[in-house]
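Engineer:
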Amino acid sequence: MIENYLINDFNISTKVQTAAKEALTRCKSKFEEIENITKQNQRHLLKAFIDNKVSESCFNMSTGYGYGDKGRDVLDKVCASAFFAEDAIIRHSFASGTHTISTALFAILRPGDTMLCISGTPYDTLLTVIDDNNKGKGSLADFGIKYKQIELTEKSDFNYSKISDTLKSKEKIKLVYIQRSRGYSSRKSLSLSKISKICNLVRELSPDSIIMVDNCYGEFTELREPPAIGADLIAGSLIKNAGGAIAPSGGYIAGKKQLIELCAYRTTTVSTGREIGASLGFNRQIYMGLFNAPHITGEALKTAAFAAALFSNLGFDVDPGVEESRSDIVQTIQLKSREQLIAFCQGIQSGSPVDSFVKPLPWSMPGYDCDVIMAAGTFTLGSSIELSADAPLREPYTVYVQGGWNFHSAEIALLLAADAVLNI
Ligand SMILES: *Cc1c(COP(=O)(O)O)cnc(C)c1O
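Taking our numbering, I'd label the letters of the sequence shown as residues 4 to 427.
1) For S96, is the beta carbon positioned less than 8 Å from some heavy atom of ligand 1?
2) Straight-line CA distance for S412 to T401?
3) Sort L417, A392, F223, L396 by Cα distance to Q405 and report the nearest one.
4) Is it the case that the CB of S353 approaches a heavy atom of ligand 2 more closely than 8 Å?
5) Less than 8 Å between the CB atoms is what I'm expecting for A387 and K260, so what's the real figure, rounded?
6) DSSP three-state label for V81, please.
7) Let's test the definition: count the other Cβ atoms within 10 Å of the Cβ of M4 and tell me whether it reaches 16, buried, or not, exposed.
8) When you compare the region 246-253 with the region 376-386, are there three or more beta-carbon pairs, one atom per stretch, that lie closer than 8 Å?
9) From the DSSP output, in three-state form, read off C120 for me.
10) Consider the C-beta atom of Q45 and the heavy atoms of ligand 1; say whether any pair is separated by less than 8 Å.
11) In whole angstroms, what is the alpha-carbon distance linking L283 and S32?
12) Quick one, which of E35, R29, F86, N39 has its alpha-carbon nearest L293's?
13) Which whole-angstrom value describes the C-beta separation of I213 and L236, a residue pair presumed to lie in contact below a C-beta threshold of 8 Å?
14) Using three-state DSSP, classify M291 as helix, strand or coil.
15) Name the residue from S274, R206, C219, H298 whose alpha carbon lies nearest to the alpha carbon of I232.
16) Let's test the definition: count the other Cβ atoms within 10 Å of the Cβ of F347 and tell me whether it reaches 16, buried, or not, exposed.
17) Residue ranges of each beta strand (DSSP E) run of no fewer than 3 residues wholly in the region 368-402, ordered along the chain?
18) In whole angstroms, what separates the C-alpha of Y187 from that of L262?
19) Between M432 and I148, is the Cβ-Cβ spacing less than 9 Å?
20) Output yes or no for whether 9 Å exceeds the beta carbon distance between L208 and S167.
21) Based on the DSSP secondary-structure assignment, which residues constitute the bridge partners of V216?
22) Look up R94 in the DSSP assignment and say whether it is helix, strand or coil.
23) To the nearest angstrom, how far is the alpha carbon of D90 from that of L204?
24) Taking all protein chains shown into account, do 16 or more other C-beta atoms lie within 10 angstroms of the C-beta of P395, making it buried, or fewer, making it exposed?
25) By how many angstroms is the C-alpha of F161 removed from the C-alpha of P323?
26) Would you kindly report the start and end of the unbroken alpha helix (DSSP H) that includes K165?
27) Am I right that V325 and Y403 are in contact with their C-beta atoms under 8 Å? What's the rounded C-beta distance?
28) Could you compute how far the alpha carbon of A420 sits from the alpha carbon of I427?
29) Could you check which residue in N136, I256, M291, A296 has the C-alpha nearest to that of R277?
30) Are there 16 or more other CB atoms within 10 angstroms of the CB of F146, so buried, or fewer, so exposed?
31) Can you tell me whether K42 is buried or exposed? The criterion is at least 16 other CB atoms within 10 Å of its CB, across all chains shown.
32) The alpha helix (DSSP H) with K31 in it runs from where to where?
33) Ordered along the chain, which non-local residues of its own chain (more than five positions away) have a Cβ less than 7 Å from that of A83?
34) Return the bridge partner residues of G258 from the DSSP annotation.
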């Protein structure tokens, strides 16, 4: 019986076991919904592989300049199909999501251009890319690229009137920027239906503006992707959803053909574009990861929904709620003290397949105004499609949980975290 197994091997209290049982019952219809999204997205990916004639020779490795790397070129096509885009560039050599997004921004913006972010403050690591306070490092601001920002409304929706006013004003907006995921903030993720609506408005008022979506954490959480509903360009990381927990590093940019061409020039050089870039044997893992990404994202969505159900059953506020629709894989849980945050992260770590015996401790991470604690027992360093949890150690004591590419394993880590929190 499952209960005995949990008691014997993982020492889960009966209280948490009971709450978990109820949580699973509560998740039943949500899981069916997630299963349906996974099913449709997986079929879409299979079709992308078939349509683009992926073959075993695509996995061959190239070295040096990487001229004529068929696997790399076909992979770009598969990636474009996967994201409903005209074209794409997907590379192991993008060092992170920030690097990928930054490459796209520098590829498209020119001195004197204005970038308008309409989803509030962008992800932390992008702030220095846009406007470094210590000028001279080569941020967009250093090149005379202007930046404007419009906050979301209190209900986490676009501020239509402010956006309209700005787009109607004299200043031309070269790039409208949207972050789909909540990232590490208290707002909600932006659904594709909201993004679609705002894309229509931007098209109407400023037809020449390029619409770019930071798609990190959002991939395959809904039935389509931003290029299908009006975005010109998207970018994301391969150690999150799109790499299917198999890609060892990298990122992708997908969108309009002309824009991807510019991104290719920036990725290598204007004279070489996408003609060079050795795949060094990483193609196979990226193909495998992208192929599995819908399934893996489904597991992460189930993990998030189960975490919401379990911790709300135990009396904690969670966001999003179990039944709420999701456009990213991030789940927040409001704990009640600093000690509970630490216990939670240590609990998650103790139920991870890698480094389970390590105790994460709070530390003063550069760029944060308070101590931060992180749990990640992952196969790929820093991968957040694998189960991970982070928390700044301050009120309102929110822990951010994401990933969990193997629900049945992530479930155990969450039970251990629940027990650790209740033992405080
Ligand atoms: C993770 C993330 C990024 C940046 O990716 P890194 O790999 O951490 O550099 C940007 N935007 C969002 C919404 C993210 O979740």
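Ideal Cβ positions, reconstructed from N, Cα and C, are used throughout, including at glycine.
Structural biologist: If we stick to the structure as given:
1) Relative to ligand 1, even the nearest heavy atom lies 8 Å or more away from the CB of S96.
2) Using only the alpha carbons, I get a separation of about 23 Å.
3) Its Cα nearest to that of Q405, the residue A392 stands out among L417, A392, F223, L396.
4) Ligands present in the displayed structure are limited to ligand 1, and ligand 2 is not among them.
5) Note on identity: in this sequence residue 387 is Ser, with Ala being the wrong assignment. S387 to K260, Cβ: 31 Å. No contact.
6) helix
7) No answer about M4 holds up, because its pLDDT of 47 lies below 50 and its placement is not dependable.
8) yes
9) strand
10) no
11) 44 Å
12) F86
13) 6 Å between Cβ atoms; contact.
14) In the structure shown, M291 sits in a helix (DSSP, three-state: H, G or I).
15) For I232, the closest alpha carbon among the candidates S274, R206, C219, H298 is that of R206.
16) Classified as buried, F347 has 16 or more neighbouring CB atoms from the shown chains inside 10 Å of its CB.
17) 375-379, 391-395, all fully within the region 368-402.
18) 29 Å
19) The chain is shown only over 4 to 427; residue 432 falls outside these bounds and no answer can be derived.
20) yes
21) I181, I237
22) strand
23) One C-alpha to the other measures close to 24 Å.
24) buried
25) 18 Å
26) 163-171
27) Actually they are not in contact, since the Cβ atoms of V325 and Y403 sit about 17 Å apart, beyond 8 Å.
28) If you take the alpha carbons of A420 and I427, they lie about 11 Å apart.
29) I256
30) exposed
31) exposed
32) 31-54
33) E89, D90, A91, A257
34) D90, L236
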